[in-house]
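Asker:
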Amino acid sequence: MAKEIVIIDTDPGVDDCAAIALSLYDEFLDIKLITTVNGNVSLNMVTRNALHLLEKFGRTDIPVAKGAKKAMERTSPDASFIHQSDGMGGYKPPRTVKTKPIETDAVEAMYQTIKKYKNNISIVELGPHTNLGNLLTKHPDVIPMIDHIYTEGCAPYGWHGQGRWKHYRSFNASSDPEALQIVMQSGIPVTIVPSRMGRDLANFTEQEVEYIGKINAVGKFLYDMYNGYWEHGYTDKRIATNDTCAMLCLRYPELFKTVKVSVNVNTTDLPGRTDMKKDKNGHVELAVKVNRRKMHALFFEAVKKLDKLQLK
């Protein structure tokens with residue numbers, strides 16, 4: 012199996028960190044670039060978190076480029092209420108890191124990397140779409156060079172009528188709906204892993220989180236983050252696996268059932284609402300089901316494979 016060449020655009024974020032951590036030593040992923048964007052916490056904090064994660068896991072060979080400080084056309088919110096003030100949940104990162112981001116900004120770094128690996132590179136979008144919106148606006152020639160975009164977020168409003176998919180709020184989508192609309196209208200093949208996938212269909216229970224923490228040092232690191240990241244609004248204690256689902260959808264697409272849809276992004280009265288309809292000719296795939304048992308087993312196995320890794 013050939014390695015999948017990827018750029019990860021991210022706003023770490025507990026779930027971002029978890030998704031990235033288990034990808035750094037995946038034998039079938041070749042991460043060429045990590046770009047950061049204002050989102051879960053401020054741009055400086057998410058960049059610090061990304062750099063610290065690479066230092067901790069011994070992968071400072073992967074370049075990190077800073078991206079947008081704010082959304083394209085509006086004030087950016089943050090999600091520190093769930094990710095905590097430093098963005099890494101119950102884990103406290105150092106205030107400063109030794110590694111620095113590269114001098115090239117995220118848009119130009121993405122552009123250069125995509126041109127180098129054109130038609131053989133995918134983007135994993137784990138944060139608001141601001142960097143991608145800016146990239147496609149400034150360098151539209153890059154559109155046919157991108158093989159695929161896997162994105163976490165969005166809520167398939169209207170899916171199954173007014174039933175279980177009716178809610179439209181999604182942090183990544185509502186943070187910069189103008190950028191999301193640019194991506195959805197670009198014609199680039201996109202797979203959407205909606206927020207509900209990680210919260211309701213593939214979440215970790217309290218017992219599973221405790222199990223993860225006992226596997227090894229990597230599991231303990233994940234446990235420490237998760238222990239300050241319990242999902243709000245549920246009667247049980249659970250951890251959302253939103254960004255992990257998006258990464259695993261690229262890595263193990265057979266775990267997910269998808270349907271082709273057309274997407275319209277609301278940028279006015281309900282900013283970020285993503286109206287979706289089945290469309291056999293659509294270029295967007297919506298993940299609607301996941302094999303939870305197999306997904307969790309693969310996650311636990313990925314942690315176990317890092318038994319010998321000495322975290323710094």
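Each residue of the sequence shown is one higher than the last, beginning at 12 in the working numbering. Glycine is no exception: its CB is placed at the ideal position from the N, C-alpha and C atoms.
#1: I'd like to check one pair, Y234 with I223: are the Cβ atoms closer than 8 Å?
#2: Among T285, I226, L35, C28, which residue has its Cα nearest to the Cα of F182?
#3: For D22, which residues in the same chain have their Cβ closer than 6 Å to its Cβ, ignoring the five residues on either side in sequence?
#4: Do you know how far the Cα of V25 is from the Cα of G100?
#5: How many angstroms separate the CA atom of P104 from the CA atom of F215?
#6: Could you pull out every residue in the same chain whose Cβ sits closer than 6 Å to the Cβ of R175, ignoring the five residues on either side in sequence?
#7: Quick check on the burial criterion: 16 or more other C-beta atoms within 10 angstroms. Buried or exposed for P151?
#8: Could you check if N145 is buried or exposed, using at least 16 other CB atoms within 10 Å of its CB as the buried criterion?
#9: Cβ atoms of V272 and G293: under 8 Å apart, would you say?
#10: I need the boundaries of the alpha helix (DSSP H) containing Y234, first residue and last residue.
#11: At what residue ranges does the segment 133-220 contain a whole run of the alpha helix (DSSP H), taking only runs of 4 or more?
#12: If you follow the beta strand (DSSP E) that K289 is part of, which residue opens it and which one closes it?
#13: Could you give the distance in angstroms between the alpha-carbon of A30 and the alpha-carbon of K126?
#14: For A117, name the three-state secondary structure that DSSP assigns.
#15: With a 10 Å radius around its C-beta and 16 neighbouring C-beta atoms as the bar for buried, classify S96 as buried or exposed.
#16: For the candidate residues L35, R249, K315, whose alpha-carbon lies nearest to that of K14?
Answerer: Reading it off the structure:
#1: Contact flag set, yes.
#2: The residue with the shortest Cα to Cα distance from F182 is T285.
#3: V48, G50, N51, V57, G138
#4: Straight-line Cα distance between these residues: approximately 6 Å.
#5: 23 Å
#6: Low confidence applies here, because R175 scores a pLDDT of 48, under 50, leaving its location unreliable; read the following figure in that light. Excluding positions up to five away in sequence, the list is empty.
#7: Classification for P151: exposed.
#8: buried
#9: yes
#10: 228-237
#11: Counting whole runs of 4 or more residues, the segment 133-220 contains the alpha helix (DSSP H) stretches 141-149, 182-186, 188-195.
#12: 285-289
#13: Each residue's alpha carbon lies about 25 Å from the other.
#14: helix
#15: exposed
#16: L35
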